[in-house]
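2 protein chains.
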Amino acid sequence: MVDGITRADITGAALVLLTNGGLHALAMRRIAAELDVQQSALYWHFDNKQQLLAAVADLVVARVEATNARKWQNRILGLGSRLRDELLRYPDGAELVATAIAFRLGAGRPHQLFTAELTRAGMGDDDARVAASVFVHFVVGYTTDEQQHHQAAELGAIDRLDVATGRFDQGLRLIVAGAEAQIATLDAT
Amino acid sequence: MVDGITRADITGAALVLLTNGGLHALAMRRIAAELDVQQSALYWHFDNKQQLLAAVADLVVARVEATNARKWQNRILGLGSRLRDELLRYPDGAELVATAIAFRLGAGRPHQLFTAELTRAGMGDDDARVAASVFVHFVVGYTTDEQQHHQAAELGAIDRLDVATGRFDQGLRLIVAGAEAQIATLDAT
DNA sequence: ACCTGAACACCGTTCAAGT
DNA sequence: ACCTGAACACCGTTCAAGT
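Those protein sequences? They're chains F and D, same order as listed.
Under the working numbering, residues 9 to 197 are what the first sequence spells out, in order.
Under the working numbering, residues 9 to 197 are what the second sequence spells out, in order.
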């Protein structure tokens, strides 16, 4: 007989359901059905649904990676748009990651990547972490809005299509300018 | 006999429930029970729960107001911490507002207030709106994390207490620096 | 115009019991 | 160690019918 179910099986099945039906489809019963298992079986592998969703959020941000641009400003911009792209790959991807981050349960990867870039740019560890959280909050928050609004429009709940595109880069550049100013005052000391 | 129930009655009762039990207590059945009404009665006043929650989110941010500091930088900082304070007044206040903003269903007040300050500071309407969204995403995102984490710690789900306090102002100042830089380049033109 | 009563189609979580 | 079966305590939404 075959082995039992693993955590990877569960999060994998959940990711498939997320892809096809969004957060709405991520019900314990549905995930269990996808694996031909009783819903209570999932609770042997995860304490609760929130922990399971956090593990799925980790998968969503797993492919976010640093770029190899020469200027740190461009690496930050690349990281931001790469993160946005990955969140947009799945319906409700941004909201899922936002919740996981809020509960400190997963999806720490974006924050780590931004922090690394900012320390390389010359910031102290502490300042880099603060700046990284500004970037992450903006990217995840902006993308959540964008995705939510886009999905609502598809359902016909909203008709006017916002001209929100392009505004993402503008916002990122504003924060980069703030980081530049802070690094400049550090160098002046 | 007394008149029927109004939308204000409903959002008022919901705000009481939010205060006492957080987002978890904001169930249609519970709100209806608070008003001695059947749950289906609420659907005559609101299309769905999401619309109702958006109206409650409007109440949460209703008392956010501009400060009268002389420098626009300080007015922005004051607006940010004032918004955070109001979100922290209710359990899950930040998450409620974040969701309403994402669905473009309410809580537009913070964005309007930030935009107004930034145009007064010398930004164009378009740039001011983008910068305002950076501020709002940071304040709401940061406060959601903070509140979520705080509530999890109260339930014993998390033991270590993050040293996140003070980081809020640092983050706000970083964005202000970015706005300053942008206004400076405008003035130079 | 405004609300009731009742149903429909779902949820997350627990827990004794099985193998 | 890993899962079943069944229950518990909930949800949001709809809709005919009442007044």
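Don't be surprised by glycine CBs; every beta carbon is placed ideally from N, CA and C.
Here the structure is a predicted model, which means the values were calculated and not measured.
Range covered by the alpha helix (DSSP H) that runs through residue i
i        : result
Val148/F : 133–162
Pro7/D   : Here chain D covers residues 9 to 197 and nothing more, so residue 7/D does not appear.
Lys79/D  : Taken as a continuous stretch (DSSP letters only), Lys79/D belongs to no alpha helix (DSSP H), as it is neither H nor E.
Tyr51/D  : 50–53
Asn28/F  : 15–29
Ala35/F  : Neither: Ala35/F is in no alpha helix (DSSP H) and is coded neither H nor E.
Val68/D  : 57–69
Gln178/D : 175–196
Leu104/F : 101–110
Cβ separation of residue i and residue j, assumed to be a contact under 8 Å, to the nearest whole Å
i        : j        : result
Gln155/F : Gly101/F : 7 Å
Leu87/D  : Ala70/D  : With 8 Å as the limit, Leu87/D and Ala70/D do not qualify as a contact, their Cβ atoms being about 14 Å apart.
Ala189/F : Ala189/D : 6 Å
Arg128/D : Trp80/D  : 6 Å
Ile39/D  : Ala16/D  : With a Cβ gap of about 13 Å, Ile39/D and Ala16/D do not count as contacting.
Leu50/D  : Leu60/D  : 7 Å
Proximity of residue i and residue j at Cβ, strictly below 7 Å
i        : j        : result
Thr152/D : Arg92/D  : no
Gln46/F  : Arg37/F  : no
Ile183/F : Gly186/D : yes
His53/F  : Ile109/F : no
Leu34/D  : Leu25/D  : yes
Val64/D  : Val105/D : no
Ile191/D : Gly130/D : yes
Arg112/D : His157/F : yes
Gly12/D  : Pro99/D  : no
Glu94/F  : Val72/F  : yes
The ligand GDP heavy atom lying under 6 Å from the CB of residue i
i        : result
Arg128/D : Among the ligands in the structure shown, none appear at all, so the ligand GDP cannot be discussed.
Exercise. Is the stretch 139–155 of chain F touching the stretch 135–149 of chain D, taking contact as three or more C-beta pairs under 8 Å?
Worked result: When Cβ pairs closer than 8 Å are counted between the two stretches, the stretch 139–155 of chain F is seen to touch the stretch 135–149 of chain D, the count reaching three or more.
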